[in-house]
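Scroll down for the structure; my scribbles are underneath it.
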Amino acid sequence: MKARRTWAAAMAALLLVACGQTAQGTGQSSASPATARQLTDLGAQVFPYVAQFQFYTTCINFKENGAEPPTGHDYSACPITDALHARLQSTQANFCPCDQNPSTTREIKVTPRPGGGLVIVQLYGGQIKVEMVAVTVGGKLLVNDLPAKGDVENSTSTPIVFDAKPSATPTAPPKPTAPPGTGSRVLNVPWYHQAYVLSCESAALRMALAYQRIATTDRAVLDIIGHDLRGPVFDSSGMHWGNPFATFVGNVNGSEVALTGYGTYYPTIAHAATVLGGRVLRSGQNISPADLYDAILSGHPAVVWVTYHWVKLTRKDYVAFDGKTVPYAGPGEHAVTVVGVQPTKVLINNPSTGVEWIDKRTFEAVYAIYDHMAVILA
779 MKARRTWAAA
789 MAALLLVACG
799 QTAQGTGQSS
809 ASPATARQLT
819 DLGAQVFPYV
829 AQFQFYTTCI
839 NFKENGAEPP
849 TGHDYSACPI
859 TDALHARLQS
869 TQANFCPCDQ
879 NPSTTREIKV
889 TPRPGGGLVI
899 VQLYGGQIKV
909 EMVAVTVGGK
919 LLVNDLPAKG
929 DVENSTSTPI
939 VFDAKPSATP
949 TAPPKPTAPP
959 GTGSRVLNVP
969 WYHQAYVLSC
979 ESAALRMALA
989 YQRIATTDRA
999 VLDIIGHDLR
1009 GPVFDSSGMH
1019 WGNPFATFVG
1029 NVNGSEVALT
1039 GYGTYYPTIA
1049 HAATVLGGRV
1059 LRSGQNISPA
1069 DLYDAILSGH
1079 PAVVWVTYHW
1089 VKLTRKDYVA
1099 FDGKTVPYAG
1109 PGEHAVTVVG
1119 VQPTKVLINN
1129 PSTGVEWIDK
1139 RTFEAVYAIY
1149 DHMAVILA
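In this text, residue positions in the sequence shown follow our numbering: the first is 779, and each later residue adds one.
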């Protein structure tokens, strides 16, 4: 898949190939019997084609029993089988009770192994449903928690080859050592997986605080931050939602795609760090990459705001309910912990996917989206 393709297009293309149907299909599944059998043997559902929807496997805006579901999304056309349900439970899918969210739609994220994709499923009406599959640049994909090989260029329905069996529960890979070179340092910051679907900011702070020998949890951070569970509203001027500079916007187990949850920004994270006993060296926007790298070289980990797939998204700022202009490029807002640097790369503790080196060019392009937003721990 070419890098110039948008994330949404890539997602749609993969959805189609996972089902063996091209966008120009005739209404009949083009998956070969062998491919369909591979899918069903692994607990997948080969979905029926619905003519009025171009990308039928997204299952957006289907009606259930003739009525729109509360969020406008109905995933009943995309059931996950019992086999896949059990596999998700045995890995690190977070089945949330979400008792604070009035919506009946719940989101669960399954973290892939390195080089894979991302499966996002929904819990709707008490049943778990597929929402979408996303891919990384390069066409790597993950179908039903198994890495798969297949050409997804131009939405072709190339047969997919699966690994023989799923691996054990994913864990963070060993922390790499910094390549030799001037200006290199790797801080001994532990990696933690985010506890909730959208708690990346809290998990990133948790990792940074651990470097100061302060143990905490995502929930403890979120309790300090608070939340605004109101959904967005739209008028002639665009979207209006909560203020992430003041609190956590939406449900921490919500969905950026469905606009039931979003996140929070630097003031709340800096405040939580202080309340928990941490020492903040600097927080705000306009913290240049050079200043950030100098901080790492001086022994100070940092929480920074980027995008989930390291893709440069377009800003679509909105005015919050309280009048604050909010830098927004969703869905895809993400926070990570910067724990190392070397001349051409930055070492990231990613609370969703693990420990990874990111080249500085990619990092700096994405770090700029939220106006170089960071919280640097002392």
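Each residue gets a CB set at the ideal place from its N, CA and C atoms; glycine is no exception.
Element boundaries [beta strand (DSSP E), containing residue i]
i: H1150; result: Note, H1150: premise wrong, no beta strand (DSSP E); not H, not E.
i: A1048; result: Per DSSP, A1048 belongs to no beta strand (DSSP E); it is in the alpha helix (DSSP H), 1044-1053.
i: E1134; result: 1132-1137
i: I1126; result: 1123-1128
i: A1107; result: Per DSSP, A1107 belongs to no beta strand (DSSP E) and is neither H nor E.
i: R991; result: Premise fails: R991 is in no beta strand (DSSP E) and is neither H nor E.
i: R1060; result: 1058-1062
Pick from the options that is closest to residue i, judged by C-alpha positions
i: L996; options: M985, N1128, Y1106, A1107; result: A small fix is needed here, since residue 996 is Asp in this sequence, not Leu. It is M985 whose Cα lies nearest to the Cα of D996.
i: T1052; options: Q990, V975, V1082, V1097; result: Q990
i: V1114; options: E1134, N1128, P968; result: N1128
i: I1126; options: F1099, G1110, Y1071; result: Y1071
i: A1146; options: A1107, D1013, T1122, T1131; result: A1107
i: V1116; options: L1007, V975, A981, Y974; result: A981
i: P1105; options: E1111, Y1148, G1077; result: Y1148
i: E1142; options: E1111, D1100, S1066; result: S1066
i: V1081; options: H1112, T1140, A973; result: H1112
i: D1100; options: V1035, K1094, D1006; result: D1006
i: F1012; options: R1139, P1109, V1097, W1135; result: V1097
i: Q972; options: W1135, R1139, T1131; result: T1131
i: V1035; options: P1109, G1077, T994, N1021; result: P1109
Distance CB(residue i)-CB(residue j) smaller than 8 Å
i: L1000; j: F1023; result: no
i: L1059; j: A1068; result: no
i: V1133; j: G961; result: no
i: G1041; j: E979; result: yes
i: P1079; j: L965; result: yes
i: I1047; j: V1153; result: yes
i: R963; j: L1054; result: no
Residue i - partner residues in DSSP beta bridges
i: G1028; result: G1039
i: M1017; result: F1012
i: W969; result: According to DSSP, which records beta bridges pairwise, W969 is partnered with nothing at all.
i: Q1120; result: K1123
i: V1082; result: V1114, A1152
i: R963; result: V1119
i: D1006; result: V1027
i: V1097; result: T1103
Sequence-distant residues of the same chain with beta carbon closer than 7 Å to residue i, five excluded per side
i: V1144; result: V1084, T1085, W1088, K1090
i: P1010; result: M1017, H1018, W1019, L1037
i: E846; result: Because E846 carries a pLDDT of 42, less than 50, the predicted location of this residue cannot be relied on, and the following value inherits that uncertainty. So no residue of the chain qualifies.
i: G1165; result: The displayed coordinates of the chain run from 779 to 1156. Any statement about residue 1165 would go beyond what the structure contains.
i: A988; result: V967, P968
i: S977; result: D996, L1000, V1030
i: D877; result: In this prediction, D877 scores a pLDDT of 34, lower than 50, which makes its location untrustworthy; the coordinate-derived value is nonetheless stated afterwards. Taken in chain order, the list of residues that qualify is empty.
i: G1056; result: L987, Q990, I992, L1155
i: D1137; result: T1122, K1123
i: Y970; result: A981, R984, M985, P1129
Residue i - containing alpha helix (DSSP H), residue span
i: V999; result: 996-1003
i: A1073; result: 1067-1075
Cβ-based neighbour list, residue i, same chain, cut-off 8 Å, excluding 5 preceding and 5 following
i: H1049; result: I1002, I1003
i: T1092; result: A1107
Contacting residues, own chain, Cβ-Cβ under 6 Å from residue i (five flanking each side not counted)
i: M1151; result: Y1044, Q1063, W1083
i: K1094; result: Y1106
i: S1014; result: none
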